[in-house]
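Everything on this sheet refers to the single structure shown next.
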Amino acid sequence: GTPAYMSPEQAAGDPTAIDTRTDVYSLGIVLYEMLTRHMPYDTSSSIGTVLQNVARADPTPPSKYDERIDDELSAIVLKALEKGKENRYQSVDAFCCDVQRYLAGEPISARPASNWYLLNKAIRNNRLAASICAMVVVFGMATWGIAHYYSRKVERYRASLFRRPGRRGRGLRAINTGTTQATRSLD
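Once you know that position 140 of the sequence shown is 212 in the numbering used here, the rest is easy, because the numbers rise by one and skip nothing.
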């Protein structure tokens, strides 16, 4: 095949190591080239140097050529270009499914699925529901804050009634009397 599109196992010259994951590697190079208009390695040198780059050099991250390429798409491409075939997509179908999940805005398998990553994906896919939940949380926190503020204010007021010199006990009687009178007027 063309040296620039060979997988590391092909570049090493081991025909027994070639399998479906070799095709995944080549497809990864095609996707990389489509996204960046560059090859992942220097291919302008001699064939020997190109084969060494394929076998040993890490590919340049696609986002280095085009900042619009996000981390997820980079992860998909770089997983297809893994040096060890056991670390690549295990089939062309798995590679295609991950690309389709990316295009649909769903979580991809090329990236470890942390809780933050999954939450971020869910929010992006359900913006209306996420906005409503955020408003409910903010409203709830504001309500709690206001209630807490006024309850502390009432506590300070009650405490001040009992701390005034010469009025010890009067404050409590005044509160009890006021409460009793208010209750009688309702009857």
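C-beta atoms are modelled at their ideal positions from N, C-alpha and C, and glycine is treated no differently.
Please read all numbers here as calculations on a predicted model, not as lab measurements.
| Asked | Found |
| --- | --- |
| Count the other CB atoms, across all protein chains shown, that sit within 10 Å of the CB of D170; report buried if there are 16 or more and exposed otherwise. | buried |
| Under a three-way DSSP split, which group does Y113 fall into? | coil |
| Whole angstroms is fine: what's the gap from T215's alpha carbon to A147's? | 43 Å |
| When burial is assigned at 16 or more other CB atoms within 10 Å of the CB, is N198 buried or exposed? | exposed |
| Going by CA-CA distance only, name the one from P80, A84, T92 that's closest to D165. | T92 |
| Between T108 and D138, which are expected to be in contact by the criterion C-beta below 8 Å, what is the C-beta distance as a whole number of angstroms? | 6 Å |
| For L153, is the classification buried or exposed, using 16 other Cβ atoms within 10 angstroms of its Cβ as the cut-off for buried? | buried |
| Do S79 and S98 have their beta-carbon atoms positioned less than 8 Å apart in this structure? | yes |
| Looking at the secondary structure, which residues open and close the alpha helix (DSSP H) in which A219 lies? | 199–235 |
| Got a sec? Which residues, its chain only, sit under 6 Å from H110 by beta carbon, not counting five neighbours each side? | Y137 |
| For P131, count neighbouring C-beta atoms within 10 Å of its own C-beta (all shown protein chains included) and say buried if the count is 16 or more, exposed if not. | buried |
| Going along the chain, which residues of its own chain have a beta-carbon closer than 6 Å to the beta-carbon of K151, five neighbours each way excluded? | A182 |
| Mapping DSSP to helix, strand and coil, what is E81? | helix |
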